[in-house]
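Going down the list, the sequences are from chains S and C.
Read in order, the letters of the first sequence are residues 0 to 348 in numbering that gives the first Met the number 0.
Read in order, the letters of the second sequence are residues 0 to 507 in numbering that gives the first Met the number 0.
Even for Gly, the Cβ is constructed at its ideal location relative to N, Cα and C.
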Amino acid sequence: MRLERREHRPVYLLVGSPIAAVVSALLLAGILIAIAGAPVLEAYRRILIGAFGSRLSATETLTRATPLILTGLAAATAFRARLWNIGAEGQFYVGAIAVAACGSNMLAGLPGPILIPALLLIGAVAGMVLILIPLWLRLRFSVDEVVTSLLINFIALLFVSMLINGVLKDPMAFGWPQSQSVVDHAMLPKLVARSRLHIGLLIAIVLAVIVHFLQTRTVFGMQSRAAGLSPQGAAFAGVPLTRTLVKVACLSGGLAGLAGAIEVLGVKGYVTTDLSPGFGYSGIVVAMLANLNPLGVVLAALFTATMFVGADGMSRSLAIPTYIADVTVALSLLTMLVALFFTQYRIRR
Amino acid sequence: MTTVLDISRVSKRFGDNLANDDISLSLKEGEIIALLGENGAGKTTLMSILFGHYVPDTGRIVIHGRELPPGRPREAIRAGVGMVHQHFSLAPNLTVIENIMTGTQKLWALRSSTNAARTKLLSISDRFGLKVDPDERLGDLSVGEQQRVELLKALFNDARILILDEPTAVLTNIEAERLFSTLKEMARQGLSVIFISHKLDEVMAAADRIVVLRGGRMVAERLQSETSKAELAELMVGHRVSRPVREPSTPGAVVLKGVGITSRVGGVDRLKSINFQLSEGEVLGIIGVSGNGQAPLAALLSGVLSRTAGDLILFGKNVGNLDVADVVAADIGRIPEDRNKEGAIGEMAIWENVVLERLPAFSRAGMVDRKAGMTFAREIIDAFDVRGGAPRSRTRLLSGGNMQKLILGRNLQQRPRILIAAQPARGLDEGAVAAVHARILEARRQGTAVLLISEDLDEVIALADRIQAIVDGRLSPPVDAGDVDARRLGLMMAGDWSETPTETRHAP
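Shown next as C-alpha cells:
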C-alpha cells in the first residue's frame, strides 16, 4: 500500500471532504456520548434543538457565529499567505478595548451613523497595530511569528485587564472589573427584535464575500497566494514579498480587531476579560475546517457555533458535560486534516 | 608500495543516465589521487559507491585485500575509509569533541569516554598539525576549521583512506594551501588520499596521480609529472567541438553592456568587476563550472539581485539597480536556473504562472484580467507545444520539459529584446532539449539578444556565437565560438585565460 499524489482534485472531493470530516467527527464523539451513558441520537437531536429549536436559540447561535466568521476570516487570509497569525485572540481584545475606550467618552458625542463606522474602523486599526509587532519581528529578525503572535495574546489580555481595572474601569459596576459602556447610540442595530442578534452578522457575511473576491480576482490576492506558496518563485516573478506580507497582516489583524469591535458594539457594550470564550483560537479551527476558503468560513463558523450553543441544551437535558462540544469541534479539526490529506493523495495498493 | 584500495569495473546507472561506466582504479599506500572532471562526470557517484552510500550495479571494491560489502557505510568506515563531504555533516550546536565522538559510542554505554577521546584527538591533531580547540562550539568555527574537524573525525575513526569531495570549494586560497600541505603530510605518514576536483591548478599542485572522468567513463590516468594543465583541460572537456550547422549571426546594435560590475552577497563579492556586452541577434554563452558566479549573474540581470559597483548600460542608457518590474517592462525575458523553485509556482494554475510577472499588463484597477490571462496562456500552449495542461490546470502537472516550454513561451511569445537564459535545458530529455534550443535560435534569428548561462559545454557550443568563461566571480574576455577548441575551453573554465586573445570583432 502506498500513497500517491493526486493529479487532479475532483470537485466532489473538495465539497465532500468537509462533510465527511464532520460526519466522522460526530460518529467519533458519539462513542464518547455513549460512554457517558446517554443515547447518542437523542443527544445530537438535543444539540440541534438547543441550537435551532426556538427563535431565541437560533438567534443565539447566529450571534455566536458572528465573531467566529470574522476571526475565521482573519486566520484564513493570513494562512493562505503562510503568515501564521495565531494572535487573533489578542487582536480581538485590543479591537474591543479600543472601541470601548473611544465609544464611551472620547467620541461619544458623534451621531450614530458616523460614530458606528468610526468605531468599527478604530477596532480594525487596533487589531492591525497589534499584528504589526510580530510581523516586524519576523521581517527584521526572522523571529517565528507562530511564537510571537501567540505570546502577544497574553500581553494583550493583561493589558486589557490593566485598563479595565484602572483608567477605563466602570465606577457603576459595583467593583467588577469591566470597562465603561459605550454610549447607547453606538450600539449596532438589532437584526431580530428582542434578541441579541445584531447586524454584525451581515457585516461578517459581506466581508467573507469581499475577502473571497479579493483572493480570487485581484492582484493582491494572486500575489499573496504566490508569496505563500513559493516565496522564491514569487520573488522571481516580481512580487514585492514584504509589502504583500504587510498587507496580508493588516487584513488579518484588521478582521480580528473588527471581530472584537463588533462583539462589543453588538452584544455587550462593554469589555470584560471573558468577552471572548476563545474566539481567536476557535477562528483557527474554523479557518482550517473551511480549508481556508472565505465562503467556507461562514459555514464552518455556523457549525462550530451550533456545537457550542447546542451542547448547552443537550447538557441540561441529558446531564452530559458541555465539554462534548469542545471535543467534537476538536475532533472535526482532526478529521478535516485527514480529509484534506486525502484530497491531495490517494491510496494505491 | 602496497595497494590499499582496488576499485574494479564499477558501473552505476540512474534511470537513463549511466553515471559510472566500467570504472577501475587502484590506490597505493601514501598516494594522493585527484579525480578530475566536469559537473556530472561521475566523480561523486564513484566515491559514494566506495563509501557505501550507493550500491553499484556491477563491479567490486577491495580494501586491503578484503572485498567490501556493497551499500554498507559502516563497513567502509570499519575498513578504514573516511569521507569528507562537500557539505559538512556536523552539528553546529555541539562542540568539536562532541561532534567527533558522535557515532563512535555505544548508545547504552553508561559512562562517556570523553577524556580518552580528548587524549586521542589531541594526539592526532598534534601528529598532523591540525590545530583545533576541542571545546569550541562548531558553529563558532570558520569553514576551514570545520573542514579540519571533518578530517579529524575521519582520522579519529582510524581512517587509512581519505576521500574528500571538492574540498576547496568552500575554502579561501590560504585555507586551501594549508589543506593540501596537511594532505601531503598525511600521505607522507602512510595514509592514502583521493580528492575530487575540477580545478586544474590544485590538481597539478597536490596530486601524485590524476584520473580524469568524463560522461561517467574514465578517460585517462596520468602521473602528475607526466602531464600538463593544457593536456588535462583537453581530456576533461573532450573532443566535441562540433558546431551544428546554422546561419551565421548578424549582430545588430549593442543592447546590454556591463562594465566593472561587482555584486556583494553576504559579505562576499560573488561577481568581481565583470565586463560583457550583448548585441541584438547574437547568443553570448557563459561557460563555467557550477558555483562560480552563474547564479548571481543571472539573478542580477533578472532583477532579483542588486550590484554594489559598476555600470549597466541598457539600450545605450546607464541604468541603476533594476527590479523585476523594470526588467520585465524593458522587454527582457528571463529563464531562471531552477524552474521548480523560481520559474513557476506548481500549485498555481498555468494561466496564473504566465501572468504573475506581468500583472501590470494583465490587470486593471487592481483586478486581474482573467480572460486576457487565459487567452495568453492558451496562445503560449499552442505556439510552444506545451502538452499535458490547460490554462486552468495546475502547473505542477506538467513534465519538466513542458514546464520549461511554458516558461520559454511566456518570455518569448511577446518577442523580448533580450533573453537571459540560465541553464535552460538542464534536466530535460533529448526531445525537450532540442525544442528549447530551437526556440532560442529562433529568437536569435528574430533579433533577440540572448545571454546563455550554461554548465553544459555542448549546449553552449551549439548555441553561442561568442563565449566567456566565469571563474570565481570573474568573467574571461570573450572568444569567438567559431575558433575555440576543447583545450582552450578547458583552460578558460579553469581560470587560465592568458592564451585567450581578446576578441576583435566586438571589442568593448
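- Not a single C-beta of chain S is nearer than 7 Å to the C-beta of I452/C.
- For S251/S, the uninterrupted alpha helix (DSSP H) run begins and ends at L240 to E262, by DSSP.
- Straight-line spacing of the CA atoms in N410/C and P477/C works out to 26 Å.
- Assignment of N84/S by DSSP, reduced to helix, strand and coil, places it in the coil class.
- Around the beta carbon of H86/C, a 10 Å sphere encloses fewer than 16 other beta carbons of the protein chains shown; the residue is thus reported as exposed.
- Annotated three-state conformation of F302/S is helix, per DSSP.
- In this structure, S223/S places its C-beta atom within 7 Å of the C-beta atom of V247/S.
- Contact check for E281/C against V254/C fails: the beta carbons are separated by 7 Å or more.
- Here M171/S carries a coil assignment [DSSP, helix/strand/coil].
- Between the alpha carbons of V323/C and V303/C lies a distance of about 6 Å.
- Per the coordinates, the alpha-carbon of N291/C lies some 5 Å from the alpha-carbon of D471/C.
- Sorting L150/S, P66/S and L106/S by C-alpha distance to the C-alpha of L274/S places P66/S at the top.
- Per DSSP, the unbroken alpha helix (DSSP H) holding G400/C starts and ends at G399 to L411.
- At a cut-off of 7 Å between beta-carbon atoms, P335/C makes contact with chain S.
- Of the candidates P176/S, E262/S, S178/S and F173/S, E262/S places its Cα closest to the Cα of A203/S.
- V236/C: member of the alpha helix (DSSP H) spanning K228 to V236, first to last residue.
- Residue contact check for I344/C against chain S: a CB pair falls below 7 Å.
- When rounded, the separation of the alpha-carbon atoms in V285/S and P293/S is 10 Å.
- Three or more pairs of CB atoms, one per stretch, sit closer than 8 Å, so the stretch 70-88 of chain C contacts the stretch 165-174 of chain C.
- Sixteen is the threshold: since fewer than 16 other Cβ atoms of the shown chains lie within 10 Å of the Cβ of R5/S, the residue is exposed.
- Shown here for R8/S: same chain residues with a beta carbon closer than 6 Å to its own, the five before and five after excluded, namely T342 in chain order.
- For A236/S, the nearest CB of chain C lies under 7 Å from its own CB, placing it at the interface with that chain.
- The residues V236, in chain order, have a CB closer than 6 Å to that of L488/C in the same chain once the five nearest residues on each side in sequence are set aside.
- For K27/C, the enclosing beta strand (DSSP E) begins and ends at N16 to K27.
- Here the C-alpha atom of A226/S lies approximately 28 Å from the C-alpha atom of V435/C.
- Residues of the stretch 278-294 of chain S that bring their beta carbon within less than 8 Å of a beta carbon in chain C are absent altogether.
- Residue nearest to Q422/C within the set N16/C, S398/C and R333/C is R333/C (criterion: CA-CA distance).
- Two segments are said to touch when three or more pairs of C-beta atoms, one from each, lie closer than 8 Å; by this definition the stretch 30-38 of chain C touches the stretch 179-190 of chain C.
- G126/S sits close to G252/S, with the two beta carbons spaced by under 7 Å.
- By the criterion of at least three beta-carbon pairs nearer than 8 Å, the stretch 397-416 of chain C is in contact with the stretch 341-351 of chain C.
- Per DSSP, Q188/C is not a residue of any alpha helix (DSSP H), being assigned neither H nor E.
- No residue range can be given for T271/S, since it is assigned to no alpha helix (DSSP H) and is classified by DSSP as neither H nor E.
- Proximity of chain C to R216/S at the Cβ level (cut-off 7 Å) is accounted for by M366 and V367, in chain order.
- Between L12/S and the set C249/S, S314/S and A338/S, the nearest pair of CA atoms involves A338/S.
- When 7 Å is used as the limit between beta carbons, M402/C is near no residue of chain S, the shortest such separation being about 12 Å.
- Any Cβ of chain S closer than 7 Å to the Cβ of K370/C would place that residue at the interface, and such an atom is absent.
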